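Enquirer: Numbering that gives the first Met the number 0 numbers the first residue of the sequence shown as 0 and each following residue consecutively. C-beta: ideal position from N, C-alpha, C; glycine also. For clarity, every value in this text was computed on a predicted model and none was experimentally measured. Structure provided below as structure tokens; questions to follow.
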Amino acid sequence: MKAVGYREPGAIDRMDALQDIELPRPVPGPHDLLVEVAAVSVNPLDTKVRQRAGAEAGGWKVLGWDAVGRVVEVGEAVTTFKAGDEVWYAGSIARQGSDAEFHLVDERIVGRKPSSLSVSEAAALPLTAITAWEMLFDRLDVRHPAAGAANAILIIGAAGGVGSIAIQLLRALTDVTIIATASRPETQDWVRQLGAHHVIDHRQPLAQQVEALGIGAPSWVFSITQSEAHAAEAAKAIAPQGRYGLIDDPDAFDILLFKPKAVSIHWEFMFTRAVFETSDMGKQGQLLTEVAEMVDAGRLRTTVTEVMRPINAANLKAAHAKIESGTARGKIVLEGF
Numbered sequence: 000m001k002a003v004g005y006r007e008p009g010a011i012d013r014m015d016a017l018q019d020i021e022l023p024r025p026v027p028g029p030h031d032l033l034v035e036v037a038a039v040s041v042n043p044l045d046t047k048v049r050q051r052a053g054a055e056a057g058g059w060k061v062l063g064w065d066a067v068g069r070v071v072e073v074g075e076a077v078t079t080f081k082a083g084d085e086v087w088y089a090g091s092i093a094r095q096g097s098d099a100e101f102h103l104v105d106e107r108i109v110g111r112k113p114s115s116l117s118v119s120e121a122a123a124l125p126l127t128a129i130t131a132w133e134m135l136f137d138r139l140d141v142r143h144p145a146a147g148a149a150n151a152i153l154i155i156g157a158a159g160g161v162g163s164i165a166i167q168l169l170r171a172l173t174d175v176t177i178i179a180t181a182s183r184p185e186t187q188d189w190v191r192q193l194g195a196h197h198v199i200d201h202r203q204p205l206a207q208q209v210e211a212l213g214i215g216a217p218s219w220v221f222s223i224t225q226s227e228a229h230a231a232e233a234a235k236a237i238a239p240q241g242r243y244g245l246i247d248d249p250d251a252f253d254i255l256l257f258k259p260k261a262v263s264i265h266w267e268f269m270f271t272r273a274v275f276e277t278s279d280m281g282k283q284g285q286l287l288t289e290v291a292e293m294v295d296a297g298r299l300r301t302t303v304t305e306v307m308r309p310i311n312a313a314n315l316k317a318a319h320a321k322i323e324s325g326t327a328r329g330k331i332v333l334e335g336f
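Spelled out as structure tokens, the structure:
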């Protein structure tokens with residue numbers, strides 16, 4: 000089967016950073032679906048793994064986690080899906096990725112594709128929807144504001160894939176006031192279109208801008224990018240006893256900034272359930288099915304902003320480079336082999 004992979008980690012501008020390769024078609028394990036991949040999206044995680052992790056000796060490392068496709072085979076213990084079903088999922092970082100014609104995924108973290116979306120439109124959502132949902136509702140508990148604080152959330156770096164769906168989930172499922180940060184006119188317009196109530200510029204001091212809104216200190220801060228750089232301003236802006244969540248990988252992070260306000264710190268890593276096969280692993284499949292129902296009901300929209308065809312090394316290299324530039328808006332999707 001066709002796939003895109005690499006052997007050694009490193010920069011995207013190397014000739015061998017990503018290569019078109021041929022691999023054997025995988026065989027499903029007991030709980031696996033073998034999916035014929037129709038579309039994938041590219042996440043910042045793909046670029047981080049490519050920079051840091053190489054393949055096993057003599058092998059290839061295949062990236063890609065977001066995927067939409069059709070089930071072609073099922074493992075002997077599979078009960079939820081059958082051949083022919085259209086599915087979407089975000090996979091597991093502990094397994095080979097979805098940048099391949101055929102991909103194995105555990106049925107418990109798979110949902111049914113929204114019928115109202117094309118494969119490219121659907122591929123933009125799984126990983127970011129799971130990340131945003133788990134952070135907002137499982138970690139930050141946004142349905143319960145901090146005592147005496149504003150029923151408001153500050154989302155730092157809101158114009159990317161996670162922020163784009165987080166804004167929509169908040170508007171669809173809560174009455175929380177959303178303060179989104181974006182630094183360019185096109186990204187500011189984007190987050191407004193998605194439903195942000197207020198938009199501020201993360202290139203300027205955040206706390207002063209939040210205070211100027213006159214709504215009070217927010218109960219929550221969701222830091223998506225550059226958490227290290229914005230930590231001090233986030234600590235100033237957040238309400239006492241508020242809740243702060245982050246998903247990126249800062250080289251250093253001063254948690255003591257949040258001690259005076261007794262702010263709780265929450266990490267979100269959407270692969271935790273799949274990697275550790277937690278007892279509630281199946282919640283991710285249920286979550287994706289619920290998101291699909293919301294999409295089909297018109298309550299959520301795709302966050303795709305660019306589609307590249309086909310899925311190959313050249314297009315994936317271009318997508319990685321754009322994400323690493325820090326200028327991406329929404330999600331980049333690749334379709335078809």
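Check whether the stretch 2-10 touches the stretch 111-125, counting contact only when three or more Cβ pairs, one atom from each stretch, lie closer than 8 Å.
Expert: As far as the Cβ criterion goes, the stretch 2-10 does not touch the stretch 111-125, which means the pair count is below three.
Enquirer: In the DSSP assignment, find the unbroken alpha helix (DSSP H) run with Leu-135 in it and report its ends.
Expert: It is not in any alpha helix (DSSP H) - Leu-135 carries neither H nor E in the DSSP assignment.
Enquirer: Considering only residues of the same chain and omitting the five flanking positions on each side of Met-0, which have a CB-CB separation below 8 Å?
Expert: Once the five neighbours on either side are set aside, the close Cβ partners of Met-0 are Glu-21, Leu-22, Pro-23, Arg-24, Ala-99, Glu-100 and Phe-101.
Enquirer: Just checking, does the stretch 216-230 make contact with the stretch 140-159 on the three C-beta pairs under 8 Å criterion?
Expert: The stretch 216-230 is in contact with the stretch 140-159.
Enquirer: Return the bridge partner residues of Pro-217 from the DSSP annotation.
Expert: Paired residues: Ala-149.
Enquirer: So Val-274 is in the alpha helix (DSSP H); what residue range does that whole segment cover?
Expert: Where Val-274 is concerned, the enclosing alpha helix (DSSP H) stretches over 271-275.
Enquirer: I'd like to confirm the pairing. Which residues does DSSP put opposite Leu-32 in its beta bridges?
Expert: Looking at the DSSP assignment, Leu-32 forms a beta bridge with Val-73 and Val-104.
Enquirer: Excluding the 5 residues preceding and the 5 following Ser-40 in the sequence, name in chain order all residues of the same chain whose CB lies nearer than 7 Å to its CB.
Expert: Closer than 7 Å at Cβ, skipping near neighbours: Asp-65, Ala-122, Ala-123, Lys-330, Ile-331 and Val-332.
Enquirer: Taking 8 Å as the threshold, find out whether the stretch 203-218 comes into contact with the stretch 230-247 through three or more Cβ pairs.
Expert: The stretch 203-218 is in contact with the stretch 230-247.
Enquirer: Which same chain residues end up closer than 7 Å to Phe-252 when comparing Cβ atoms and leaving out the 5 residues on each side of it in sequence?
Expert: Cβ neighbours of Phe-252 beyond the five flanking positions: Ser-226, Glu-227 and Ala-230.
Enquirer: With burial defined as no fewer than 16 other Cβ atoms inside 10 Å of the residue's Cβ, what is the status of Thr-78: buried or exposed?
Expert: Per the 10 Å Cβ criterion, exposed.
Enquirer: Between which residues of its own chain and Glu-305 is the CB-CB distance below 6 Å, once the five residues before and five after are set aside?
Expert: So the list reads Ile-331, once near-sequence residues are dropped.
Enquirer: By a C-beta neighbour count over all protein chains shown, 10 Å radius and 16 as the cutoff for buried, is Ala-211 buried or exposed?
Expert: Classification of Ala-211: exposed, given that the 10 Å Cβ count is below 16.
Enquirer: Hey, which unbroken runs of the alpha helix (DSSP H) at 4 residues or more fall wholly within the stretch 228-288?
Expert: Listed in chain order, they are 271-275.
Enquirer: Okay, do the stretch 101-117 and the stretch 27-37 touch, 3+ Cβ pairs below 8 Å being the bar?
Expert: A contact exists between the stretch 101-117 and the stretch 27-37.
Enquirer: Since Arg-138 and His-30 should fall inside the 8 Å C-beta cutoff, what is the C-beta to C-beta distance between them, to a whole number of angstroms?
Expert: That belief does not hold up - the Cβ atoms of Arg-138 and His-30 are roughly 26 Å apart, past 8 Å.
Enquirer: Tell me Ile-178's beta-bridge partners as DSSP assigns them.
Expert: Note: Ile-178 sits in a beta bridge opposite Leu-153 and His-197.
Enquirer: Any idea what DSSP makes of Glu-55, helix, strand or coil?
Expert: Glu-55 falls in the coil class under three-state DSSP.
Enquirer: With H, G and I counted as helix, E and B as strand and the rest as coil, what does DSSP make of Thr-127?
Expert: Correct three-state label for Thr-127: helix.
Enquirer: When burial is assigned at 16 or more other CB atoms within 10 Å of the CB, is Arg-328 buried or exposed?
Expert: Burial call: buried.
Enquirer: Start and end of the alpha helix (DSSP H) containing Lys-321?
Expert: Counting along the chain, the alpha helix (DSSP H) containing Lys-321 begins and ends at 312-323.
Enquirer: Per DSSP, which residues does Gln-18 bridge with? Please list them.
Expert: Gln-18 is bridged to Gly-4.
Enquirer: Near Gly-4, what residues of its chain come up, given a Cβ to Cβ distance below 6 Å and the 5 sequence neighbours on each side ignored?
Expert: If we look at Gly-4 and ignore the five residues flanking it on each side, its Cβ neighbours are Ile-20, Trp-59, Lys-60 and Val-61.
Enquirer: Tell me which same chain residues have a C-beta within less than 6 Å of the C-beta of Leu-299, skipping the five on either side of it?
Expert: So the qualifying residues of the chain are Gln-167 and Met-293.
Enquirer: Spatial neighbours of Arg-202 within its chain, please: CB distance less than 8 Å, with the 5 preceding and 5 following residues excluded, ordered by chain position.
Expert: Hits under 8 Å: Ser-182.
Enquirer: Are there 16 or more other CB atoms within 10 angstroms of the CB of Ser-114, so buried, or fewer, so exposed?
Expert: Answer is exposed; the Cβ neighbour count stays below 16.
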